[in-house]
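First up is the structure itself, then whatever we jot down about it.
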Amino acid sequence: MTINEAQDEIIEEFAFFPEWMEKYEYIIQLAKDLPLIDGQYKTEANIIKGCQSRVWLHPEFKDGKIFFTADSDALITKGLVAMVVKVLSGQTPKEIADAEIYFIDEIGLRTHLSPTRSNGLLSMLKQMKLYAVAYQAQSLQN
Amino acid sequence: MTINEAQDEIIEEFAFFPEWMEKYEYIIQLAKDLPLIDGQYKTEANIIKGCQSRVWLHPEFKDGKIFFTADSDALITKGLVAMVVKVLSGQTPKEIADAEIYFIDEIGLRTHLSPTRSNGLLSMLKQMKLYAVAYQAQSLQN
Amino acid sequence: MLQNDADIIAGIDVEKVRSDFPLLTRKIYGKPLVYFDNAATSQKPTAVLDALEDYYRKYNANVHRGVHSLSQEATEAYEGARRKVAAYINAAYDHEIIFTRGTTESINLVAATFARKFLKEGDVVLISAMEHHSNIVPWQLVCEEKNAKLEVIAINEHGELLMDDFEKKLTDKVKFVSITYVSNSLGTINPVQEIIKRAHAKNIPVLIDAAQAVVHLPIDVQKLDADFLAFSSHKIYGPTGFGILYGKEEWLNKLPPYQGGGEMIKTVTFEKTIYNDLPYKFEAGTPDIAGAIGLGAAIDYINSHGKDNIFKAEEELLEYAMDALTSVKGLRIVGPLTNRVGSISFLLEGFHPFDVGEILDKQGIAVRTGHHCTQPVMDFFCIPGTVRASLSFYNTREEIDKLVKGLEKARMMLG
Amino acid sequence: MLQNDADIIAGIDVEKVRSDFPLLTRKIYGKPLVYFDNAATSQKPTAVLDALEDYYRKYNANVHRGVHSLSQEATEAYEGARRKVAAYINAAYDHEIIFTRGTTESINLVAATFARKFLKEGDVVLISAMEHHSNIVPWQLVCEEKNAKLEVIAINEHGELLMDDFEKKLTDKVKFVSITYVSNSLGTINPVQEIIKRAHAKNIPVLIDAAQAVVHLPIDVQKLDADFLAFSSHKIYGPTGFGILYGKEEWLNKLPPYQGGGEMIKTVTFEKTIYNDLPYKFEAGTPDIAGAIGLGAAIDYINSHGKDNIFKAEEELLEYAMDALTSVKGLRIVGPLTNRVGSISFLLEGFHPFDVGEILDKQGIAVRTGHHCTQPVMDFFCIPGTVRASLSFYNTREEIDKLVKGLEKARMMLG
Ligand SMILES: Cc1ncc(COP(=O)(O)O)c(C=O)c1O
Ligand SMILES: Cc1ncc(COP(=O)(O)O)c(C=O)c1O
Chain A
2 MTINEAQDEI IEEFAFFPEW MEKYEYIIQL AKDLPLIDGQ YKTEANIIKG CQSRVWLHPE
62 FKDGKIFFTA DSDALITKGL VAMVVKVLSG QTPKEIADAE IYFIDEIGLR THLSPTRSNG
122 LLSMLKQMKL YAVAYQAQSL QN
Chain B
2 MTINEAQDEI IEEFAFFPEW MEKYEYIIQL AKDLPLIDGQ YKTEANIIKG CQSRVWLHPE
62 FKDGKIFFTA DSDALITKGL VAMVVKVLSG QTPKEIADAE IYFIDEIGLR THLSPTRSNG
122 LLSMLKQMKL YAVAYQAQSL QN
Chain C
44 MLQNDADIIA GIDVEKVRSD FPLLTRKIYG KPLVYFDNAA TSQKPTAVLD ALEDYYRKYN
104 ANVHRGVHSL SQEATEAYEG ARRKVAAYIN AAYDHEIIFT RGTTESINLV AATFARKFLK
164 EGDVVLISAM EHHSNIVPWQ LVCEEKNAKL EVIAINEHGE LLMDDFEKKL TDKVKFVSIT
224 YVSNSLGTIN PVQEIIKRAH AKNIPVLIDA AQAVVHLPID VQKLDADFLA FSSHKIYGPT
284 GFGILYGKEE WLNKLPPYQG GGEMIKTVTF EKTIYNDLPY KFEAGTPDIA GAIGLGAAID
344 YINSHGKDNI FKAEEELLEY AMDALTSVKG LRIVGPLTNR VGSISFLLEG FHPFDVGEIL
404 DKQGIAVRTG HHCTQPVMDF FCIPGTVRAS LSFYNTREEI DKLVKGLEKA RMMLG
Chain D
44 MLQNDADIIA GIDVEKVRSD FPLLTRKIYG KPLVYFDNAA TSQKPTAVLD ALEDYYRKYN
104 ANVHRGVHSL SQEATEAYEG ARRKVAAYIN AAYDHEIIFT RGTTESINLV AATFARKFLK
164 EGDVVLISAM EHHSNIVPWQ LVCEEKNAKL EVIAINEHGE LLMDDFEKKL TDKVKFVSIT
224 YVSNSLGTIN PVQEIIKRAH AKNIPVLIDA AQAVVHLPID VQKLDADFLA FSSHKIYGPT
284 GFGILYGKEE WLNKLPPYQG GGEMIKTVTF EKTIYNDLPY KFEAGTPDIA GAIGLGAAID
344 YINSHGKDNI FKAEEELLEY AMDALTSVKG LRIVGPLTNR VGSISFLLEG FHPFDVGEIL
404 DKQGIAVRTG HHCTQPVMDF FCIPGTVRAS LSFYNTREEI DKLVKGLEKA RMMLG
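Residue numbers (this note's numbering), protein chains in the order written: chain A, 2 to 143; chain B, 2 to 143; chain C, 44 to 458; chain D, 44 to 458.
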């Protein structure tokens, strides 16, 4: 599944929930279901500080692809983190670097992507892209 | 003539001029008619700097009364200066110190008395009162 | 439901008051807005908006030194605002009121000019552990520059100032005390009169950060004997971008000028510049004329209700809110239970404030979440932040009830 | 009279434009106001007043960090204004636009922070003899503090910068050049592009005071290659109390923060404070949200006419005014005859500017008299001040004719 296919799938899923409550309940469910990150990786180095919530992000590079695990101290952020990980994890560095994340906007949580909100999610996305660019440069060298 | 009688006389005179032009022409005429200050007293020490115009003021204390001569580089200010001198000159220090100058307001030139206009006239009035207070203190000592 | 009875408190008819504030009719996600972010910024009554319109439509002109009528009118209104502010906080002179951009700039002005002239290596500036960043960072900046030290009066677990600690830290090295009257994150009212008295006993000047206090408590700078006092227009029903620094004449005369430019000078030559008298010495550049006039209108508006009536109504609403909130399951108040005003910070035990805030927002309830620009307070309590509901006299008991219901929904959804 | 023809210039229909500015319908002493004090402050179009109203009535909230919807809306509008300003002066990045209180504060910010980090004893700051006090006094203050020297590029009797003198004074000791684009008292347009080029050849940064320029000339900071550029909202149809500092990213990153407080920090502890990224590093405290939105609306308004059309119309009006005024008996222009914009300073030979201004005011004509915050210019010309008529694109030829008549009446009355 490409990044955009994954995003479209989420958007479709959310279309089933006309009520904001249902959307949020779904996101919160995602957050609760997913033990996102291995305890050993919830380190200071892997922390991404937002103004409101914190996110932990750990990348692994395997077979030309990046696999992310992540977590957040805020539940709604964690749910969104879960979805972003679902969308980006297991893709190639180039695909991640070039990806445009639009599903959060589309499902009506655009404030989570607004730079002025300055919460952890946006910083996490930036960080994921930085990793992607770094791995890309690395693969090119090899 | 008391200070207030002199002021009222000016106000009455101005009542004859319903048009602003006539009022100003009268003031300007006053300014031109009166060689207000002896050249030797137009010194740096006697200068009162407003933001817009400068005023020279020279006091003389004689027989328990203060006699002022003055001048200004702006003609309208000079006309007003002439009237103020007419009103206050030759009065006792106490009368000058206690005087309330209302005629300028009444004849419709109140902006000349507004502290925010910060022109020379207001500073001159302040200076006249300072002289009066000084002479008053001096007379009390004697 | 005794809604009618409940909503006329201390002669304040809340429904009538609400109709003065156009924004309060807003809907958010289709629900009537419940605005509980008043500590961040207050809403503006029509009277203030009309004053702004009136200025721009009828007598907008640059102030001072203008020969033309428009400029005179603008100047009179502008200086009239200064007189209104002076009267509102009972300053001894109008020229003790300096117009600034806000509390933050007021504090920076004092910190920078005081430090330039009076702060030496090894000196101490004393603040408290519950200060807003705006009353921390300016002092950090000047202490760093002057190799002085910033000392901090501790607070207890109720978010109250430890007066013992104050006494202990008020050494001879202290050259300045800067303290908030009311904490924006905790709601604590500090004993500033006592603090000033003790500092003055050692000849130490005191700045009071009244950003939160001025809108909820009567302020009399002469009775307080404050040397400086700062607040922001936007938190007291006035326009954004405007604020006040009150300073005792004596102190303002002692301090060197802050910014240079038009207005703050008497004469300029390249060799020597003579600074203007108070208050202009500290007001460089074209001022925020509309801002001043707007704040003046806000003060008129407060006076039209009587500030004591407003404060009394707020007190009763706060009591109602504290009762209602403490009955919410798992809700923990962060801050004192009594002797407080304005903001109520809390946590829903087990839930992140950000999550709670977001779910409240979806129900049309505007609260603030996070550190509220008082990170050290959050660090002290070892929490990532709080949910803060801050009240104004235009809020109703019904709105408090909605908040309680909203919190219960949040608990249900997140739990 | 070809009134109709005359009043549609460069696609600008003056009568229609005037109806956008409510204040222009004012009467003064029963006569229609003729507003020629635009260099002091411009009038505001309804579009700007509506934007302010709209903000306060519909989405007034404190910006940034707010979890609730209102705060999001306010933040988006506020940051949208930054983008509009960046586009208007063609900044490379939005974060190169710092919101300040006005030109004066913008210059003070640069002077204070540059001096703190880079100015040493014996260094030279270079300004010109035609600077506004706001571009003199901030540099005097920092030069005094750092024992640096303020040097002044001379002007000639037409009020033009002497480029030879600039070249001569641009020594290796010069660490900063701060220069006005357009003189507010003389109307002179300075060759700032050339000045920047020569200063950059010696690696010296340049600040452009664009307070007067931005409303009459197209500005492209990248083409100019300016390191800093400052202007005020109130002079470009926007609200009072707001202004802009443009700075090259590289320079803004190099400078230390100016004021401390909310917004400009990332994290605060009493031990260590981490400053925020650009532009917030320089924006301490709650900003003037309405001010930003108002300036944004002013820029939209300009763009709706096309700035080139506005500037073209102003050029033609200026030409008309210069022709008309130079034909007035005994009138002496103070400043250049060509390569000028905005302000026309003059003297009626033999009469004090204050007298002339007062008699014009009585005829409903608002001009400014005095030194226009450029005392050194007046000292250079050995005059107590000038009468200054400053034009905007909403002024008409008919108004110029009234000014000429008004001056003739003044001469008659005073003569
Ligand atoms: C050239 C110039 N520089 C600076 C300023 C100061 O601008 P402000 O008073 O808006 O800060 C002005 C305005 O009077 C000006 O004309
Ligand atoms: C106690 C306190 N001090 C200072 C400030 C800063 O005020 P402003 O951001 O208006 O400058 C605030 C507002 O957030 C505050 O609550």
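All C-beta atoms in this analysis are idealised placements derived from N, C-alpha and C, irrespective of residue type, glycine included.
DSSP beta-bridge partners of residue i
{"i": "residue 72 of chain A", "result": "A:57"}
{"i": "residue 170 of chain D", "result": "D:195"}
{"i": "residue 50 of chain A", "result": "A:55"}
{"i": "residue 273 of chain D", "result": "D:252, D:288"}
{"i": "residue 217 of chain D", "result": "D:167"}
{"i": "residue 51 of chain C", "result": "C:56"}
{"i": "residue 412 of chain D", "result": "D:430"}
{"i": "residue 245 of chain C", "result": "BP columns for residue 245 of chain C are empty, so no partner."}
{"i": "residue 183 of chain D", "result": "For residue 183 of chain D, which the question treats as bridged, DSSP gives no partner whatsoever."}
Any C-beta of chain C under 9 Å from that of residue i
{"i": "residue 133 of chain A", "result": "no"}
{"i": "residue 76 of chain A", "result": "yes"}
Residue i - containing alpha helix (DSSP H), residue span
{"i": "residue 424 of chain D", "result": "418-424"}
{"i": "residue 257 of chain D", "result": "Segment: none, residue 257 of chain D is in no alpha helix (DSSP H) and carries neither H nor E."}
{"i": "residue 434 of chain C", "result": "No alpha helix (DSSP H) holds residue 434 of chain C; DSSP gives it neither H nor E."}
{"i": "residue 3 of chain B", "result": "Note, residue 3 of chain B: premise wrong, no alpha helix (DSSP H); not H, not E."}
Contact check, residue i vs residue j, beta carbons under 9 Å
{"i": "residue 55 of chain D", "j": "residue 355 of chain D", "result": "yes"}
{"i": "residue 285 of chain D", "j": "residue 145 of chain D", "result": "yes"}
{"i": "residue 439 of chain D", "j": "residue 69 of chain D", "result": "no"}
{"i": "residue 49 of chain B", "j": "residue 97 of chain B", "result": "no"}
{"i": "residue 81 of chain C", "j": "residue 385 of chain C", "result": "yes"}
{"i": "residue 121 of chain B", "j": "residue 51 of chain B", "result": "yes"}
{"i": "residue 217 of chain C", "j": "residue 224 of chain C", "result": "no"}
{"i": "residue 340 of chain C", "j": "residue 389 of chain C", "result": "no"}
{"i": "residue 303 of chain C", "j": "residue 184 of chain D", "result": "yes"}
Anticipated Cβ contact below 8 Å, residue i with residue j, distance rounded
{"i": "residue 177 of chain C", "j": "residue 147 of chain C", "result": "4 Å"}
{"i": "residue 150 of chain C", "j": "residue 252 of chain C", "result": "7 Å"}
{"i": "residue 204 of chain C", "j": "residue 239 of chain C", "result": "Between residue 239 of chain C and residue 204 of chain C the Cβ distance is about 13 Å, and since that is not below 8 Å, they are no contact."}
{"i": "residue 281 of chain D", "j": "residue 91 of chain D", "result": "6 Å"}
{"i": "residue 336 of chain D", "j": "residue 129 of chain D", "result": "That pair is no contact at about 15 Å."}
{"i": "residue 249 of chain D", "j": "residue 220 of chain D", "result": "5 Å"}
{"i": "residue 1 of chain B", "j": "residue 94 of chain B", "result": "Residue 1 of chain B cannot be examined here, being either before or after the span of chain B that is shown, 2 to 143."}
{"i": "residue 367 of chain C", "j": "residue 447 of chain C", "result": "5 Å"}
9 Å Cβ cutoff, residue i in contact with chain D
{"i": "residue 45 of chain C", "result": "With a pLDDT of 42 at residue 45 of chain C, under the threshold of 50, the predicted position of this residue should be treated as unreliable, and no value is reported."}
{"i": "residue 53 of chain A", "result": "yes"}
{"i": "residue 383 of chain C", "result": "no"}
{"i": "residue 87 of chain A", "result": "no"}
{"i": "residue 33 of chain A", "result": "no"}
Any C-beta of chain F under 9 Å from that of residue i
{"i": "residue 93 of chain B", "result": "No chain F is present in this structure, whose protein chains are A, B, C and D."}
Any C-beta of chain B under 9 Å from that of residue i
{"i": "residue 398 of chain D", "result": "yes"}
{"i": "residue 311 of chain C", "result": "no"}
{"i": "residue 266 of chain D", "result": "no"}
Contact with chain A by residue i, beta-carbon distance below 9 Å
{"i": "residue 115 of chain D", "result": "yes"}
Boundaries of the beta strand (DSSP E) in which residue i is found, first to last residue
{"i": "residue 309 of chain C", "result": "308-311"}
{"i": "residue 318 of chain D", "result": "316-318"}
{"i": "residue 386 of chain D", "result": "386-391"}
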